[in-house]
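Structure first, then comments.
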Amino acid sequence: MNAIETSGLSKLYAPGVGLAPLNLSVAAGEIFGFIGPNGAGKTTAIRTLMGFLRPSGGSGRILGHDVWHERVAVHRRVGYLPGEVHLARDHTARELMGRSCRLRGGASDAYGLDVARRLELRLDARLGTLSKGNRQKVGLTLALMHRPELLVLDEPTDGLDPLVQETVLDLLREAGSEGRTVFLSSHVLSEIERIAGRVGIIRRGELIRVEGVRELKASLPQQVAVGFALPPRVDLMTLDGMSDAVADGLDFWGQWRGSPDMLIRALAGESLASFSLTPSTLEDAFMDEYRSETPRKEGAHVA
Amino acid sequence: MWLEAWSQTMQDSRRSLLWWAVGIALYTVMLLAFFPLLKGNTALGDLMQSLPESLRALAGDNLGTPAGYVGGKLLSMMPILLTVFAALQGSALIAGQEERGWLEFPLAQPLPRATLLLGRAAALLTMLLVLGLVLFLSIWLAGQVFQAPLPAGRLLGAVALHTLGAWLFGALALAIGAATGRGGLAVGVGAGLGIGLVVLQSVASQVQLLSDLAWLNPWKYALSDLPLEHAVSPTPLLICLLLGGALVWIAAPMFGKRDVRG
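The listed protein sequences derive, respectively, from chains V and P.
So for the first sequence, the working numbering puts the first residue at 3; every next one is plus one.
So for the second sequence, the working numbering puts the first residue at 74; every next one is plus one.
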């Protein structure tokens, strides 16, 4: 059984606004990244999956339970981090952990305390006195503390400093290695790239691509930069697989697709001052997908 | 489960409840502290007798007797005060919290929305009963101190009418807030209707139509029926209690079927 399975699940606030019919399967044990710029519909998709928003069409199942009609059963097995952690200012993290345990029939807070310690969260400070990053830690602790079968995390590392981000990624990797499923959204692609097995790219409410991180990266061009020591005899621009090439005197830049074999052979007889072939990052893939988008009136920005 | 939701809500509201209780107790004690000055003041009684009936109805009859003074000067304000408290709390408990994004935490737990609403409705009723108890105790005790003793049974009945009247409008605000998620609307309708009906009741004796329909107004039983002087029938108490519960019950499926904002 898949951890998440949707067929045509949509949430449209108005025609064309919101989440277009979404077909997605996330297998149990997978770490799935959901990427897209701010305003693309990531949060709408997540809140629909969590049963906060009533679907306007289609259906979704989480761990076999309908996301709308059986949301209580879903919540019993899912840890959720909202995109913005809003919690009453008077509470402390410890109180909220206690409340969560009691609402889950006296669950243990042992792992939650462990998570809080690793995130260096002060458990007895009132939330009103905490910074955004520290509130995010509270939200993460609450989401992770019951070791749920599925973690649904909306921008988990948002507002955290780099060291803590690292800890969070470690915690998620551990969850993955315990066979638990992680579904996380982000607009920080480098972190998705480091942790997720597959990614889904969402644009303007539509899931436009789902692929394994490795396959996605392999399908992307690599950046070539060559500095010739002497004027070259070979014309790299004519090579099959080269695109977007620019030559400026002895310097050459371009994008290369496919195996580097052909490229290296072509350069074999040349005298080089420098050479680099850089794999694309997910960031590049993402920019690619978004460049094909006609700019919206408000000027959607890729954050 | 609803008991846990109730206890969490009570814990969150305890500070606001405490301040309201202190305010009501102080108001009661201050007002009753002036009673010895009015007690047996025949000039005042004569003045009141000389007023036209409509003015007497506004100022309160028999300010020289404990029942007249407490009923006319003190309890006459309570429908408004208690309705304001109930409507503010009722609207805050679901809609107000939702507007701040605070509902996502409890609703991400395995807690049905209807159970959360039930727990919070029970908390609202509990808070009103606490304020009612504080009101009763402070009137009764201050009455003993300031020579305005009142029979405990009558006083309890009168306070219950005020408290459960306010519950009706608090439950209305809670229900509207739960059904729509709009806090401003909830507090506006709840407090507006509650206070509007107090005003209507104050002029009911002059308007035939209003006095014919007064039996529909929950404040008639608390204000015009002089519950400190006549024993209270349990019927209006029960009706207010059940009607408030019914409003919440009607709102529960609407709360369950709508989007919850984050």
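Beta carbons: idealized from backbone N, C-alpha and C, even for Gly.
*Sorted by chain position, which residues of the same chain lie with C-beta nearer than 6 Å to phenylalanine 288 of chain V's C-beta, five sequence neighbours on each side aside?*
By one-based count along the first sequence, residue 288 of chain V stands at place 286. So the list reads Leu191, once near-sequence residues are dropped.
*If we cut at 8 Å on Cβ distances, does leucine 105 of chain V have a partner in chain P?*
Against the first sequence, residue 105 of chain V aligns to sequence position 103. True, the Cβ-Cβ gap to chain P drops below 8 Å.
*Going along chain V in order, which residues have a C-beta closer than 7 Å to the C-beta of aspartate 85 of chain P?*
By 1-based counting over the second sequence, the position of residue 85 of chain P is 12. Ordered by position in chain V, the residues that pass the 7 Å Cβ test against aspartate 85 of chain P are Ala90.
*Look at the alpha carbon of leucine 83 of chain V and the alpha carbon of valine 212 of chain V, and state the distance between them as a whole number of angstroms.*
Numbered from 1 along the first sequence, position 81 holds the residue referred to as residue 83 of chain V. Numbered from 1 along the first sequence, position 210 holds the residue referred to as residue 212 of chain V. So the two alpha carbons sit approximately 23 Å from each other.
*Using DSSP with H/G/I as helix, E/B as strand and the rest coil, what is lysine 146 of chain P?*
Working through the second sequence from its first residue, we reach residue 146 of chain P at position 73. Lysine 146 of chain P sits in a helix when the DSSP states are folded into three classes.
*With burial defined as no fewer than 16 other Cβ atoms inside 10 Å of the residue's Cβ, what is the status of glycine 317 of chain P: buried or exposed?*
Reading the second sequence from its first residue, position 244 is the one you call residue 317 of chain P. Per the 10 Å Cβ criterion, buried.
*Hey, glycine 181 of chain V and glycine 199 of chain V: beta-carbon distance below 8 Å or not?*
For the purposes of this step, residue 181 of chain V is taken as residue 179 along the first sequence, with counting starting at 1. For the purposes of this step, residue 199 of chain V is taken as residue 197 along the first sequence, with counting starting at 1. In this structure, glycine 199 of chain V does not lie closer than 8 Å to glycine 181 of chain V by Cβ.
*On a CA-only basis, which of V/Gly31, V/Val140, V/Arg49 and V/Ser221 is nearest glycine 20 of chain V? Give me that one, please.*
Here the question's residue 20 of chain V lines up with position 18 in the first sequence. Comparing Cα-Cα distances from glycine 20 of chain V to each of V/Gly31, V/Val140, V/Arg49 and V/Ser221, the minimum goes to V/Arg49.
_Reference proline 234 of chain V, options V/Ala220, V/Met244, V/Thr240 and V/Ser273, closest by Cα_ = As a position in the first sequence, residue 234 of chain V is number 232, starting the count at 1. The candidate whose alpha carbon is nearest that of proline 234 of chain V is V/Ser273.
*Could you please give me the residues that DSSP links to aspartate 250 of chain V through a beta bridge?*
Mapped onto the first sequence, residue 250 of chain V falls at position 248. DSSP, once it has assigned bridges, lists V/Asp253 as partnering aspartate 250 of chain V.
*Can you list, in chain order, the stretches of the alpha helix (DSSP H) that have 4 or more residues and sit fully within the stretch 222-282 of chain P?*
225-253 and 256-276
_Through-space distance from leucine 279 of chain V to glycine 38 of chain V, alpha-carbon basis_ = In the first sequence, the residue the question calls residue 38 of chain V occupies position 36. In the first sequence, the residue the question calls residue 279 of chain V occupies position 277. When rounded, the distance between both Cα atoms is 27 Å.
*Which residues, in chain order, does the stretch 192-209 of chain P contribute to contact with chain V at a C-beta distance below 8 Å?*
none
_Spatial distance of alanine 302 of chain V from lysine 134 of chain V (CA atoms)_ = Locating residue 302 of chain V in the first sequence gives position 300, counting from the first residue. Locating residue 134 of chain V in the first sequence gives position 132, counting from the first residue. Only weak support exists for where alanine 302 of chain V lies, its pLDDT of 39 falling under 50; the value from the coordinates is given anyway. It is roughly 25 Å from the alpha-carbon of alanine 302 of chain V to the alpha-carbon of lysine 134 of chain V.
*asked:* 8 Å is my cut-off, CB to CB: does alanine 181 of chain P come that close to chain V?
replied: Taking the second sequence and counting its residues from 1, one reaches residue 181 of chain P at position 108. Chain V, which has a Cβ nearer than 8 Å to the Cβ of alanine 181 of chain P, makes this yes.
*asked:* Here's a check: name, in chain order, each residue in its chain whose Cβ is nearer than 6 Å to the Cβ of alanine 259 of chain P, leaving out the five neighbours to either side.
replied: In the second sequence, counting from the first residue as 1, residue 259 of chain P sits at position 186. Around alanine 259 of chain P: Ser164, Ala168, Ala246, Ile249 and Gly250.
*Residues near histidine 148 of chain V by beta carbon distance below 7 Å, same chain, minus five either side*: Start at 1 with the first residue of the first sequence, and residue 148 of chain V comes out as number 146. Excluding residues within five positions, the ones whose Cβ falls inside 7 Å are Gly81, Arg106 and Ala109.
*How would you list, in chain order, the residues of chain V whose beta-carbon sits under 8 Å from the beta-carbon of proline 326 of chain P?*
Here residue 326 of chain P refers to the residue found at position 253 when the second sequence is read from its first residue. What proline 326 of chain P touches in chain V: nothing, since even the nearest Cβ is about 13 Å away.
*Test item: CB-CB of alanine 264 of chain P and phenylalanine 242 of chain P under 8 Å*: On the second sequence, residue 264 of chain P is found 191 positions in, with the first residue counted as 1. On the second sequence, residue 242 of chain P is found 169 positions in, with the first residue counted as 1. Closer than 8 Å, so yes.
*What is the rounded straight-line gap between the Cα of leucine 210 of chain P and the Cα of phenylalanine 219 of chain P?*
Along the second sequence, read from residue 1 onward, the residue named residue 210 of chain P stands at position 137. Along the second sequence, read from residue 1 onward, the residue named residue 219 of chain P stands at position 146. Rounded to whole angstroms, leucine 210 of chain P to phenylalanine 219 of chain P spans 14 Å at the Cα level.
*Does any C-beta atom of chain V lie closer than 8 Å to the C-beta of tryptophan 79 of chain P?*
Reading the second sequence from its first residue, position 6 is the one you call residue 79 of chain P. It does not: the Cβ of tryptophan 79 of chain P has no partner Cβ on chain V nearer than 8 Å.
*Going by the beta-carbon positions, is the gap between arginine 73 of chain V and glycine 53 of chain V smaller than 8 Å?*
Taking the first sequence and counting its residues from 1, the one referred to as residue 73 of chain V is at position 71. Taking the first sequence and counting its residues from 1, the one referred to as residue 53 of chain V is at position 51. Note that the C-beta distance between arginine 73 of chain V and glycine 53 of chain V is below 8 Å.
*Using the rule of at least 16 other Cβ atoms within 10 Å of the residue's Cβ for burial, across every protein chain shown, is asparagine 2 of chain V buried or exposed?*
An answer regarding residue 2 of chain V cannot be provided, because it is not within the stretch 3 to 305 covered by chain V.
_Tell me which residue opens and which closes the beta strand (DSSP E) that aspartate 156 of chain V is part of._
Counting from one through the first sequence, the residue named residue 156 of chain V turns up at place 154. Counting along the chain, the beta strand (DSSP E) containing aspartate 156 of chain V begins and ends at 152-156.
*Using a beta-carbon distance below 8 Å, is valine 304 of chain V in contact with chain P?*
Start at 1 with the first residue of the first sequence, and residue 304 of chain V comes out as number 302. With a pLDDT of 39 at valine 304 of chain V, under the threshold of 50, the modelled position of this residue cannot be trusted; read the value that follows with caution. No, its Cβ sits nowhere closer than 8 Å to a Cβ of chain P.
*Cβ separation of valine 117 of chain V and leucine 174 of chain V, assumed to be a contact under 8 Å, to the nearest whole Å*: Working through the first sequence from its first residue, we reach residue 117 of chain V at position 115. Working through the first sequence from its first residue, we reach residue 174 of chain V at position 172. 11 Å between Cβ atoms; not a contact.
*In chain V, which residues lie with their C-beta within 8 Å of the C-beta of leucine 184 of chain P?*
By one-based count along the second sequence, residue 184 of chain P stands at place 111. Val74, His77 and Leu105, listed in chain order.
_Buried versus exposed call for aspartate 323 of chain P [16 or more other C-beta atoms within 10 Å across all chains shown]_ = Position 250 of the second sequence holds residue 323 of chain P. Strictly speaking, residue 323 of chain P in this sequence is isoleucine, with aspartate absent from that position. It is exposed - the Cβ of isoleucine 323 of chain P has fewer than 16 other Cβ atoms within 10 Å.
*Show which residues of chain V have a CB atom less than 8 Å away from the CB atom of tryptophan 175 of chain P.*
Here the question's residue 175 of chain P lines up with position 102 in the second sequence. Residues of chain V passing the Cβ test: His88, Leu89 and Ala90.
*asked:* With a threshold of 8 Å on Cβ separation, who are the neighbours of glutamate 151 of chain V within its own chain once the five nearest residues in sequence on each side are excluded?
replied: Here the question's residue 151 of chain V lines up with position 149 in the first sequence. So the list reads Ala5, Ala30, Leu65, Arg79, Val80, Arg182 and Thr183, once near-sequence residues are dropped.
_Let me check understanding here. Comparing Cα to Cα, which of V/Leu165, V/Glu176, V/Pro158 and V/Asp286 lies closest to glutamate 86 of chain V?_
For the purposes of this step, residue 86 of chain V is identified with residue 84 of the first sequence, where counting begins at 1. The residue with the shortest Cα to Cα distance from glutamate 86 of chain V is V/Pro158.
_Which residues in chain V have a C-beta closer than 7 Å to the C-beta of arginine 331 of chain P? List them in chain order._
Residue numbering aside, residue 331 of chain P sits at position 258 when the second sequence is read from its first letter. What arginine 331 of chain P touches in chain V: Arg56.
*Between which two residues does the alpha helix (DSSP H) carrying glutamate 168 of chain V extend?*
Looking up residue 168 of chain V in the first sequence gives position 166. 164-179 is the extent of the alpha helix (DSSP H) around glutamate 168 of chain V.
*Provide the residue(s) that pair with serine 284 of chain P in DSSP beta bridges, ordered along the chain.*
For this step, residue 284 of chain P is matched to residue 211 along the second sequence. Note: serine 284 of chain P is not bridge-paired with any residue in the DSSP secondary-structure output.
_Which residue wins for smallest C-alpha separation from phenylalanine 230 of chain V, given the options V/Met264, V/His67, V/Ile203 and V/Leu269?_
Taking the first sequence and counting its residues from 1, the one referred to as residue 230 of chain V is at position 228. Among V/Met264, V/His67, V/Ile203 and V/Leu269, the Cα nearest to that of phenylalanine 230 of chain V is on V/Leu269.
*Whose Cβ in chain P lies nearer than 8 Å to the Cβ of methionine 52 of chain V?*
On the first sequence, position 50 is the one that residue 52 of chain V refers to. Ala181, listed in chain order.
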